[in-house]
Every structure is written in structure tokens, then in C-alpha cells.
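So in the numbering used here, spot 59 of the sequence shown is number 437, and the numbers just go up one at a time. Reviewing the structure listed below.
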Amino acid sequence: MAIILMIFGTYLIVFRFWYRRKGISVEILSVTPRIIKELPNFTVIYGYDVKYLLNGVEYTAQSLEFYITVLVPGPMIPYSTTGKLLHNGKVSLDKVKTNMTYGVVLWVFSIIFLAELY
């Protein structure tokens with residue numbers, strides 16, 4: 379179980395940096411949360427619709443980042459004035475590192491789990 383947590387944690391951390399490395403810089407106009415999936419126990423996975431400006435034209439795309447509420451009502455509203463337009467058509471916000479945070483948390487849980495075994 380700990381190894382699975384480490385694999386998923388590493389994936390979330392690498393996922394963000396891998397996609398961002400050749401992205402096109404864009405100016406963020408607004409970020410609006412949307413529900414991706416509602417889970418039991420009042421847990422909701424939110425994604426984001428991002429309006430951005432590229433070459434003077436306004437576009438809307440989905441964000442690479444996501445936010446999971448665990449018994450906390452409502453989404454986190456990220457604030458970022460800049461981001462990267464990725465090859466998959468999504469936008470990664472510069473000042474928001476939710477995916478990385480989830481990856482680090484999974485690593486911490488896996489280390490605690492391994493420590494409990496020994």
C-alpha cells in the first residue's frame with residue numbers, strides 16, 4: 379500500500395512539471411471552479427475553467443490543477459495572473475500547486491505507513 383501511495387504521489391508531482399516544461403505563457407483573466415465529481419462523505423473534486431489571453435484574443439480552457447474537499451465546504455479559488463498553455467490544451471496556473479501538494483501528502487502518508495510496519 380505504501381508503494382502505491384509513493385507511485386501516485388510521484389506521478390502527481392512529476393505530472394505538473396512534465397506538462398509545464400514547454401508550455402506557452404498566457405495571462406489569466408479569471409478562474410472559475412466546476413464540480414468534476416461528487417464522492418461520499420461530502421467530498422467533492424473540483425476542476426477549474428480558466429479564461430486566458432493569448433495574442434490579444436480571449437480563450438477558455440480547463441485547468442491542469444484540481445482541488446479535493448475533505449469535509450470542507452466549497453472549492454478553493456486559486457488566484458494567479460499568469461499560467462502556461464499546455465500541449466494538451468489545458469492551462470497550468472503559475473501560483474497554484476495543488477497537484478504537487480497532494481503528491482507530497484501521499485509521500486508523507488506512505489512514509490508514516492512504512493514506519494508503522496517496522
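For glycine and all other residues, C-beta sits at the position ideal for the given N, C-alpha and C. As the structure is a prediction and not an experimental result, all values here were calculated from the model.
Element boundaries [beta strand (DSSP E), containing residue i]
i: Y397; result: Note, Y397: premise wrong, no beta strand (DSSP E); alpha helix (DSSP H) at 380-398.
i: L432; result: 421-432
i: E436; result: 435-440
i: Y445; result: 445-447
Identified DSSP bridge partners for residue i
i: K462; result: S403, S470
i: P411; result: Y426
i: L417; result: T421
Identity of the residue in the options nearest residue i by Cα
i: P411; options: T447, N466, L464, A493; result: T447
i: G467; options: N419, V435, A439, L492; result: A439
i: T459; options: N433, E405, E416, V486; result: E405
i: D427; options: Y437, V392, T388; result: Y437
Cβ pair residue i, residue j closer than 8 angstroms
i: K334; j: V469; result: The requested residue 334 does not occur in the structure, where the chain is confined to residues 379 to 496.
i: P451; j: Y445; result: no
i: L464; j: R398; result: yes
i: S488; j: L383; result: yes
Cβ shell of residue i (< 7 angstroms), same chain only, five flanking positions each side left out
i: S408; result: K429
i: G425; result: R412, I414, Q440, S441, F444
Spatial neighbours of residue i in its chain, beta-carbon cut-off 6 angstroms, leaving aside the 5 residues before and after
i: I456; result: Per the sequence presented here, residue 456 reads as Pro, with Ile not at that position. For P456, where only same-chain residues beyond five positions count, the Cβ hits under 6 angstroms are V409, L471, V474.
i: I402; result: L463
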